[in-house]
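Q: First, the structure itself, so that you have it in front of you.
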Amino acid sequence: MKKGLVFLGVLIFLVFSKAFSNNQSADTVYLTQTQVNALFTTSSKSYPGVHDPSVVYNNSGTYYIFGSHNAIARTTDLRNWTSVGNSNLFGVQGSTGTVTVTSYNNAFKTNMTKTVKVLKAGVPTDVTFGNFDAAAWNCAIDQDGKAWTVAGNMWAPDVIYNVAMKKWCMYLSLNGPRWNSTIILLTANAIEGPYVYQGPVVYTGFRNTTDPKISWKLTDLELVIGTQSTLPSRYNRGEGWGNYLPHAIDPCVFYDEQGQLWMAYGSWSGGIFMLKLNAENGMRDYTATYPLQNDGSGHPLSDPYFGKQIAGGYYVSGEGPYIQHIGNKYYLFVTYGGLEAAGGYTMRTFSSTNPDGPYVDNSGESAIFNSYKLNFGPNDATKRGNLLVGAFGNWSLQTNGEVAQGHNSAIVDAKGRAFVVYHTRFNTGNEWFQDRVHQLFTSENGWLLSAPMEFNGETVNDDSIASGCHFALDAIPGVYSMLIHTYGLDNKALALATPRQVTLTADGIISGALTGTWSLKEGTGYMTFTVGGVTYRGVVVPQTIDGSNLKAIGLTGAAQNGQMAWAYKVLPQHAVAYNVKKMVAPVSQNATIKAHVDLSTPSYFGASNTWESSQPTVISHTGKYSPADTATLVTLTCRIAAENYAFRKYFTVTAAKADSLPGDYLSNILAYYDFDSTPVVNRYNDVQKGILKQMLYGSYPTLKTDGVRIGQVLQINGGKQSTNTGGYCYMPNPLEGKTDVKGVTVSAWMKRADAT
């Protein structure tokens, strides 16, 4: 669609404007400039760059995140982070107990655990543990003819404080090239280290004795299943290991509500598994047993050595498992897809009433796969797992879109607030990443919800939501930006979910780009809303717009189909302040006006910007300039309003008298079509009329009003790709019969309907 005013002669200045509306409530609160300055300021955060962040609290006011490649950061407010050096991260313990700092090249060779309890004839019995050189294990095999090293292969540690040991325990993945990996335990007296190697917790990728560097005899397998003459066939998978069995990376260690210590682990390959740990020493509990059970195709659901499967399998994507108890459930986080920016990385969640499952999503589907299925991207064969956060952009004041978010951890603080911490990449064409923190909530029926904005110190928690709403009921209606996290985004194209504008009205209706209904449970902050035919169970929470101090009403809801919906409405006083400070005034104080003025100024966050002229016959409310015989003082009043808040700004200008205009402003014009009348008439020669016509297969153009233009516009259907399907306006040539014409100017305002 094209919209235009067409001229022949000298360029005439036109304006775009919104009509002035003087609908002012008697209880309108007019803000002062001082209030405006306080209600909107920009802000920034110090974001860390820790890949695969594992969050832990040190019980003294500081949070830490530990990540792959020994990256560490800390914060006291979950907003601004400081990088922590890792030169003292690892140590070795001498015979006297003294710990000496050492490099990672030497840190994993000799374990300090000397004895463990194992079952012998069903009786827990102390046995010698032996020494397990973890570095030798993960570096045993070359890759593409190059020696494998520890450097670059210390992945995704998880750190927890062991109450019984009174030690900080780090569970670290040492990754090998062919599943020959191990998760090891290191302990320290201080959270920043140095951490000393205690022993392996689980091995993967072992082979029979024909491959002695990664022989099962070098692992702790026999401490679990007893002495063996040969490697049991279920483990003898060779290069097919990953099709059946788990991979010993990505540990998550946690206490359940009864005090039992657990470790979840695994990535892609045979799935995610769980093991019980010994809370007294942090190692594997060698007295815990797991039945031998498979799905009939040799894929273990439970295994005496690897433990119990809780997710994944058949080499479907899924890594970085994390389990956190929130409210009345255990929530399992798993990241599907590839970790690159275009890899489709997305966090999925499942829940269970038991720490070791079964874990299911909102629709009741199991986290365990019984066959291979592509589980991410535009061609996914399953939409399993609830979306926590998907790729999104153009959200609030966001500059770069977030993509490939994942490998998260979670934590609940002493105030009952739950948080998710994850790394994200961006749609900037590179692999740059940062960490983000969002608060977590649960819906009334126990579905996990992510806050629409990053955490900014909000005090709301699940208990306060259950006992009341943080906003008055009449404050909730208004204009919202709503974003739906959906499955199947084209990750290779860095596709983003983007917001759409909707309006919630007091009668429970949602209108705008999405339509539906909403309701709030009385006496709570629990909201149910339906848009696009999908019902979301969610909450109403206070939020702060990222990158600012703007306060907002936030909505977050989860659907049975696993989708997550976010919405926000900036509080009206903050919306007014934002618009005041962002407005670029079309006129300046004491200016002299000699042409039309475009008084249309864009508005944001549901606010309106309207103008009023003290002399509308000279300068109209929309900025149309009609010069008088004498210069005229005019006061132009800009009123920025949102709900019951407003701000006025006054501009005193002088409208120049008619004979003070430039000589060529109106001279030599032969034709002017404003499309304000039917038929369309040349205002300089009313004998000449424009005729609306159609192309061969096209439709006639139409005259219509446009709220941001003065008068009517001509709507033309068609364009470059529709040569014979559009319409046009035929105008007589005003130059016909003229002589001595040395040049001509034709000017038109045009707007594409599909332009953004």
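Position 678 (the sequence shown) corresponds to 1828 in the working numbering; numbering is contiguous. Cβ coordinates follow ideal geometry from the N, Cα and C atoms, glycine included.
#1: What is the DSSP secondary structure of Asn1172, counted as helix, strand or coil?
#2: In whole angstroms, what is the alpha-carbon distance linking Met1900 and Ile1866?
#3: Taking only runs of the beta strand (DSSP E) that begin and end inside the stretch 1260–1314, which ones reach a length of at least 3 residues, in chain order?
#4: At 3 residues or longer, and completely inside the stretch 1453–1527: list those beta strand (DSSP E) runs for me, N to C.
#5: Evaluate the contact criterion for the stretch 1430–1439 versus the stretch 1508–1519: three or more CB pairs, one atom per stretch, below 8 Å.
#6: What three-state label does DSSP hand Gln1183 in the structure shown?
#7: Look at Arg1224 and Tyr1214 and say whether their C-beta atoms are less than 8 Å apart.
#8: What's the call for Ile1790, buried or exposed, on a 16-neighbour Cβ count within 10 Å?
#9: For Gly1535 versus Phe1500, is the C-beta spacing smaller than 8 Å?
#10: Can you tell me where the alpha helix (DSSP H) holding Val1730 begins and where it ends?
#11: Quick one: what's got a C-beta closer than 7 Å to Ile1659's C-beta in the same chain, skipping five residues either side?
#12: Figure out for me which residue from Gly1390, Tyr1480 and Val1768 has the closest Cα to the Cα of Pro1777.
#13: What would DSSP say about Lys1901, mapped onto helix, strand or coil?
#14: Suppose you measure from the CA of Asn1330 to the CA of Leu1368; what does that come to, to the nearest Å?
#15: Within the chosen definition, does the stretch 1263–1281 reach the stretch 1240–1251 through at least 3 CB pairs nearer than 8 Å?
#16: Considering only residues of the same chain and omitting the five flanking positions on each side of Thr1852, which have a CB-CB separation below 7 Å?
#17: How close, in whole Å, do the beta carbons of Pro1722 and Gly1704 come, if the pair is a contact with beta carbons under 8 Å?
#18: Output the distance between the C-alpha atoms of Asn1504 and Tyr1480, rounded to the nearest integer angstrom.
#19: Here's the rule: buried if 16 or more other CB atoms are within 10 angstroms of the residue's CB, otherwise exposed. What is Leu1155?
#20: Could you have a look at Gly1887 and say whether DSSP puts it in helix, strand or coil?
#21: Rounded to whole angstroms, what's the CA-CA distance from Gly1421 to Asp1308? Just pull it up for me.
#22: Is there contact between the stretch 1375–1390 and the stretch 1279–1292, where contact requires at least three CB pairs shorter than 8 Å?
#23: Return the Cβ separation of Val1928 and Gly1241 in integer angstroms, given the expectation that the two are a contact with Cβ distance under 8 Å.
#24: Give the DSSP bridge partners of Ile1743, in chain order.
#25: Using the Cβ count rule (16 or more neighbours within 10 Å means buried), how would you classify Gly1295?
#26: Evaluate the contact criterion for the stretch 1784–1802 versus the stretch 1757–1765: three or more CB pairs, one atom per stretch, below 8 Å.
#27: Across the stretch 1407–1416 and the stretch 1466–1473, are there enough close Cβ pairs to call them in contact, namely three or more that are closer than 8 Å?
#28: Along the beta strand (DSSP E) that carries Leu1373, what are the first and last residues, could you check?
#29: Using the three-state DSSP reduction, which class does Ala1643 fall into: helix, strand or coil?
#30: In whole angstroms, give me the CA-to-CA distance for Leu1335 and Gly1409.
#31: Taking 8 Å as the threshold, find out whether the stretch 1309–1323 comes into contact with the stretch 1203–1220 through three or more Cβ pairs.
#32: Can the beta-carbon of Met1938 be found closer than 8 Å to that of Asp1696?
#33: To the nearest whole angstrom, what separates the beta carbons of Val1234 and Glu1342, a pair I think is in contact under 8 Å?
#34: Restricting to Cα atoms, I'd like to know which of Val1300, Ala1338 and Thr1337 is closest to Gly1326.
#35: When we look at the beta-carbon of Gln1183 and count the other beta-carbons within 10 Å, is it buried (16 or more) or exposed?
#36: Under the rule that 16 or more other beta-carbon atoms within 10 Å means buried, what is Thr1192, buried or exposed?
A: Let me spell this out:
#1: Any reading at Asn1172 is ruled out, since the residue's pLDDT is 38, under 50, leaving its predicted position unreliable.
#2: Rounded to the nearest whole angstrom, the C-alpha separation of Met1900 and Ile1866 is 10 Å.
#3: The qualifying runs are 1265–1270, 1273–1278 and 1304–1312.
#4: Listed in chain order, they are 1457–1461, 1469–1476, 1479–1486 and 1496–1502.
#5: These segments do not touch.
#6: Here Gln1183 sits in helix by DSSP.
#7: Yes. Within cutoff.
#8: Counting Cβ neighbours within 10 Å, Ile1790 comes out buried, since at least 16 surround it.
#9: Yes; because the gap between Cβ atoms is below 8 Å, this pair is in contact.
#10: First-last of the alpha helix (DSSP H) with Val1730: Pro1722 to Lys1732.
#11: For Ile1659, where only same-chain residues beyond five positions count, the Cβ hits under 7 Å are Thr1667.
#12: Taking only the C-alpha atoms, the option nearest Pro1777 is Val1768.
#13: Here Lys1901 sits in strand by DSSP.
#14: Near 11 Å, if we compare the C-alpha coordinates of Leu1368 and Asn1330.
#15: These segments do not touch.
#16: If we look at Thr1852 and ignore the five residues flanking it on each side, its Cβ neighbours are Gln1865.
#17: The C-beta distance from Pro1722 to Gly1704 rounds to 15 Å, too long to fall under 8 Å, and the pair is not in contact.
#18: Whole-angstrom Cα-Cα distance: 7 Å.
#19: For Leu1155, the pLDDT reaches just 35, beneath the cut-off of 50, and the residue's location in the model is therefore unreliable, leaving the point undetermined.
#20: Coil.
#21: Here the C-alpha atom of Gly1421 lies approximately 19 Å from the C-alpha atom of Asp1308.
#22: With contact defined as three or more Cβ pairs closer than 8 Å, the stretch 1375–1390 and the stretch 1279–1292 are not in contact.
#23: Given a span of 1151 to 1906 for the chain in the structure shown, any question on residue 1928 remains unanswerable.
#24: DSSP lists Ala1805 as partners of Ile1743.
#25: Exposed, since its Cβ has fewer than 16 Cβ neighbours within 10 Å.
#26: Counting Cβ pairs under 8 Å, three or more are found: they touch.
#27: Yes, they touch.
#28: Unbroken run through Leu1373 is the alpha helix (DSSP H), Leu1371 to Ile1375; no beta strand (DSSP E).
#29: DSSP, read as helix, strand or coil, puts Ala1643 in helix.
#30: A direct Cα-to-Cα measurement between Leu1335 and Gly1409 gives close to 19 Å.
#31: In short, these stretches touch, since the Cβ pair count reaches three.
#32: No information on residue 1938 is available, as it lies outside the stretch 1151 to 1906 that the chain covers here.
#33: Taking 8 Å as the upper bound for CB-CB distance, Val1234 and Glu1342 are in contact here, some 6 Å apart.
#34: Minimum Cα distance to Gly1326 is reached at Val1300.
#35: Exposed, by the Cβ-count rule.
#36: By the neighbour-count rule (16 or more Cβ atoms within 10 Å), Thr1192 is not buried but exposed.
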